[in-house]
Amino acid sequence: MSFLQLLAPSCTPKSLAGTIFNALKTKAAAADTAVPTANVDGMTHETSNGSLESNGVNCSTSVNGSNGVDSSSVGSQMEKFSLSVRRAITDSKPVMHSYVCSVVNKKGEQLYALSEGTLSQDSNTEVGFDAVYGMASLTKLMTTVAIMICVERGQISLDDDVAPILPDLCALPVLDGVDSEGQCLTKPRTKTITLRSLMSHQSGCGYHSSPPLARWVKQNGKTNSVFDNDFEVMKTYPLLFEPGEGWMYGSGTDWAGEAIARINNTTLEEFMRSNIWEPLDMASTTFHPELHPGMVDRLVAMYERRDDHGLERGAWLSRIPAQHDCGGHGLWSTPRDWTKFLSMVLADGGSILSKPSIDEIFKSQTIGSSDLQELLTGPLRASLRSTVDMDAGRIKMALGGPLYMDAIPGRRSAGTLQWAGRPNLFWWIDWAKGVAAATFTQVISQADAKFEGLTSEFKMAVYAEFT
């Protein structure tokens, strides 16, 4: 069964999904009785009466036999993880209000899926694979695939000078220290900006919160941010360094998305719809949810969590409506759609990209011999701690995200690609072991140990059960 068939909403919602935790319903269970094995159909959650229900993702078991795994073999690792998720949601000081995750293999078969919680703390509507999330930096992988489509068509190469396409970007100066009064100085740019440098964060394009740029923003009275989805704002921010002479996480992928639109004389939305979303039947992915009937009603609310004081309602990172289609952070999508997309990348590009293009996405792009840990310093290192495993061996930057060069026995393979989005969204693709996974929530928290722990537990469970 293909992943398009598997994730088609063909089941009646709330069909019986089987039992993960009969022990939760059986108070008289013997103390030495093992927790029953899982039989997970579709996106499952425990209802108020302790039963499990499907959100209509599929009618067959989501624990697939392609890796020698069947529904009777889902063991304690996944069961413990799902209990951890439930506790994180129901705690008196909750870590999050909802959580969805999924695991797929190279055949596009769904190995595991779980959903817990509601669209907001004030809502009774349960989340599931059709809940709509602000995807934040998960957008970057989608834009990377779109860029490689343009490269395959011969419209541009990764190493072409983008000045003819993005003259407004290439007109920007470069920050050049400060004067005796602490005022930011700039100088003309002299090095070439390419798509490769934009997508690997080596172009000098930063975010407004990058320390050197934050000083310039304050001194120049700027009130808007890159996340306002407004290219007129990005056209005013200087580069942090000469292209190719440093690394800084930033807005390069937004500019790469703008290049796609200009090369094809269309919008990034239209290009992605025609070349990625429609071929993969991704019906709920867009930069403009307000234009799609019913999508706004399925939005998962954004929350903030600080100092373990519980959740406070926050604002979505991207505007609705958005002024521009921003390829670095502007997408809205669902777990159903994103799982299809990850399956395509894991399956060597499927009908969307060629194998050589997928190989390029998984190739180290870091300039010189430096590992990413050496390039991540100061506040940036702290802010990315929950998304980059700093102590996990050598890490390089690929076009699609951080590339982990060293294997962890019993877990990740060398060459695994992963990245995250600011509201504690996360994905990884382990090409060698043939699995990809993603987690979805909408909680902004800085270097959050509880989310880090939950993500680590999920990873360990995935590798214990499905590889």
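When we follow the numbering used here, the leftmost residue of the sequence shown carries the number 5, and every step to the right adds one.
No residue lacks a Cβ here, since even glycine has one placed at the ideal position from N, Cα and C.
Q. Which two residues bound the contiguous alpha helix (DSSP H) that contains Y467?
A. Locating residue 467 in the sequence shown gives position 463, where the first residue counts as 1. Unbroken alpha helix (DSSP H) run through Y467: 453-470.
Query raised in the report: With burial defined as no fewer than 16 other Cβ atoms inside 10 Å of the residue's Cβ, what is the status of L295: buried or exposed?
Result: The residue labelled residue 295 in the question sits at position 291 within the sequence shown. Exposed: under 16 other Cβ atoms inside 10 Å.
Beta-carbon proximity list for P177, same chain, < 8 Å, skipping 5 on both sides
Start at 1 with the first residue of the sequence shown, and residue 177 comes out as number 173. Here the set comprises T190, K191, P192, R193, P242, L243.
Worksheet item: For the 8 Å Cβ check, are there 3 or more pairs between the region 169-185 and the region 337-356?
Response: no
Self-check item: Proximity winner among A441, Y137, K463, relative to I412 (alpha-carbon distances)
Solution: By one-based count along the sequence shown, residue 412 stands at place 408. Comparing Cα-Cα distances from I412 to each of A441, Y137, K463, the minimum goes to K463.
**Request:** Would you kindly report the start and end of the unbroken alpha helix (DSSP H) that includes Q223?
**Result:** Reading the sequence shown from its first residue, position 219 is the one you call residue 223. Residues 215-223.
- Query: Do the region 153-163 and the region 197-214 touch if we need at least three Cβ pairs shorter than 8 Å?
  - Reply: yes
From the DSSP output, in three-state form, read off P339 for me. To locate residue 339, count along the sequence shown from 1; it is residue 335. If DSSP states are grouped into helix, strand and coil, P339 belongs with the helices.
Check the DSSP bridge columns for Q187 and list the partner residues they point to.
Taking the first residue of the sequence shown as 1, we reach residue 187 at position 183. DSSP output for Q187 lists no bridge partner at all.
Could you compute how far the alpha carbon of V104 sits from the alpha carbon of L458? Walking along the sequence shown from the start, residue 104 turns up at place 100. Walking along the sequence shown from the start, residue 458 turns up at place 454. Approximately 12 Å between the Cα atoms of the pair.
Worksheet item: From A305 to Y211, what does the alpha carbon distance come to, in whole angstroms?
Response: Translated into the one-based positions of the sequence shown, residue 305 becomes position 301. Translated into the one-based positions of the sequence shown, residue 211 becomes position 207. Cα-Cα distance, rounded: 24 Å.
Next on the checklist: Using C-beta distances below 8 Å, list every residue in its chain close to S460, excluding the 5 sequence neighbours before and after it, in chain order.
Outcome noted: Numbered from 1 along the sequence shown, position 456 holds the residue referred to as residue 460. The answer is none, since no qualifying residue turns up.
- Task: Indicate the three-state DSSP secondary structure (helix, strand or coil) for S368 in the structure shown.
- Result: Position 364 of the sequence shown, counted from the start, is the residue given in the question as residue 368. Three-state result, S368: coil.
By the three-class DSSP mapping on this structure, what secondary structure does P40 have? Against the sequence shown, residue 40 aligns to sequence position 36. In this prediction, P40 scores a pLDDT of 28, lower than 50, which makes its location untrustworthy; no coordinate-derived value is stated.
Report buried or exposed for K454, applying the criterion of at least 16 other Cβ atoms within 10 angstroms of its Cβ. Along the sequence shown, read from residue 1 onward, the residue named residue 454 stands at position 450. K454 is buried by the Cβ-count criterion.
- Just list the alpha helix (DSSP H) runs in the region 280-368, keeping only unbroken ones of 4 residues or longer that don't cross its boundaries, in chain order. 339-350, 359-365
Check your understanding: Thinking C-alpha only, which one of N428, D95, G254 is nearest H313?
Key -> Here residue 313 refers to the residue found at position 309 when the sequence shown is read from its first residue. Minimum Cα distance to H313 is reached at D95.
Worksheet item: DSSP state of G273, grouped into three classes?
Response: Walking along the sequence shown from the start, residue 273 turns up at place 269. At residue 273 the sequence reads Glu, which differs from the Gly that was named. Helix at E273.
Item checked: A424 and S207 closer than 8 Å at C-beta -> Within the sequence shown, the letter at position 420 stands for residue 424. Within the sequence shown, the letter at position 203 stands for residue 207. No.
### Task
Identify, in the order they occur along the chain, each residue of the same chain with its Cβ nearer than 7 Å to the Cβ of D375, setting aside the five sequence neighbours on each side.
On the sequence shown, position 371 is the one that residue 375 refers to. Once the five neighbours on either side are set aside, the close Cβ partners of D375 are R398, I399, K400.
Q) Span of the beta strand (DSSP E) holding G121? A) If you number the sequence shown from 1, residue 121 lands on position 117. Note, G121: beta strand (DSSP E), 114-121.
Q. Apart from the five residues on each side of it in sequence, which residues of its chain come closer than 7 Å, Cβ to Cβ, to Q446?
A. Within the sequence shown, numbered from 1, the residue matching residue 446 stands at position 442. The answer, listed in chain order, is Y137, G138, V304, A305, M306, Y307, P427.
When the Cα of T271 is compared with those of T290, L284, D285, Y253, which residue comes out closest? Walking along the sequence shown from the start, residue 271 turns up at place 267. Per the Cα distances, T290.
Checklist entry - Assuming G404 and L429 make a contact with CB atoms under 8 Å, what is their CB distance in whole Å? => result The residue labelled residue 404 in the question sits at position 400 within the sequence shown. The residue labelled residue 429 in the question sits at position 425 within the sequence shown. Wrong, their Cβ atoms sit about 15 Å apart, outside the cutoff.
Between H499 and D301, what straight-line distance do the alpha-carbon atoms span, to the nearest angstrom?
Here the chain comprises residues numbered 5 to 471, so residue 499 is not present and cannot be evaluated.
Worksheet entry | Reference D311, options S449, M276, F444, closest by Cα | Here residue 311 refers to the residue found at position 307 of the sequence shown. That would be S449, whose Cα lies nearest to the Cα of D311.
Measuring CB to CB, does K110 end up less than 8 Å from L350? Along the sequence shown, read from residue 1 onward, the residue named residue 110 stands at position 106. Along the sequence shown, read from residue 1 onward, the residue named residue 350 stands at position 346. Result yes, Cβ atoms of K110 and L350 sit closer than 8 Å.
Report task. Starting from the Cα of M146, find the closest Cα among W435, N279, T471 and give me that residue. Result -> Indexing the sequence shown from 1 puts residue 146 at position 142. Residue N279 is the option with its Cα nearest to M146.
Practice problem: Can you grab the Cα-Cα spacing for the pair Y467 / C154, in whole Å? | Solution: Position 463 of the sequence shown holds residue 467. Position 150 of the sequence shown holds residue 154. So the two alpha carbons sit approximately 35 Å from each other.
In its own chain, which residues sit with a C-beta less than 7 Å from the C-beta of A465, not counting the 5 before and 5 after it? As a position in the sequence shown, residue 465 is number 461, starting the count at 1. Hits under 7 Å: Q81, M82, F85.
Item to check | Endpoints, the alpha helix (DSSP H) within which Q81 is located | outcome: As a working note, residue 81 is residue 77 in the sequence shown. From DSSP, the alpha helix (DSSP H) with Q81 extends over 80-94.
Please report how far the alpha carbon of T536 lies from the alpha carbon of M152, in whole angstroms.
Lying before the first or after the last residue shown, residue 536 is absent from the chain, which here runs from 5 to 471.
Review point. When you compare only the Cα positions, how much space is there between F470 and D285?
Key: Here the question's residue 470 lines up with position 466 in the sequence shown. Here the question's residue 285 lines up with position 281 in the sequence shown. Those two C-alpha atoms are separated by around 26 Å.
- Do A418 and W431 have their CB atoms nearer than 8 Å? Start at 1 with the first residue of the sequence shown, and residue 418 comes out as number 414. Start at 1 with the first residue of the sequence shown, and residue 431 comes out as number 427. No, the pair does not count as a contact, with Cβ atoms beyond the cut-off.
Nearest by alpha-carbon distance to P216: which of G248, M252, M203 is it? Locating residue 216 in the sequence shown gives position 212, counting from the first residue. Considering only alpha carbons, the answer is M252.
Rounded straight-line distance, which links the Cα of R416 to that of D434:
As a position in the sequence shown, residue 434 is number 430, starting the count at 1. As a position in the sequence shown, residue 416 is number 412, starting the count at 1. For D434 and R416, the distance between alpha carbons rounds to 7 Å.
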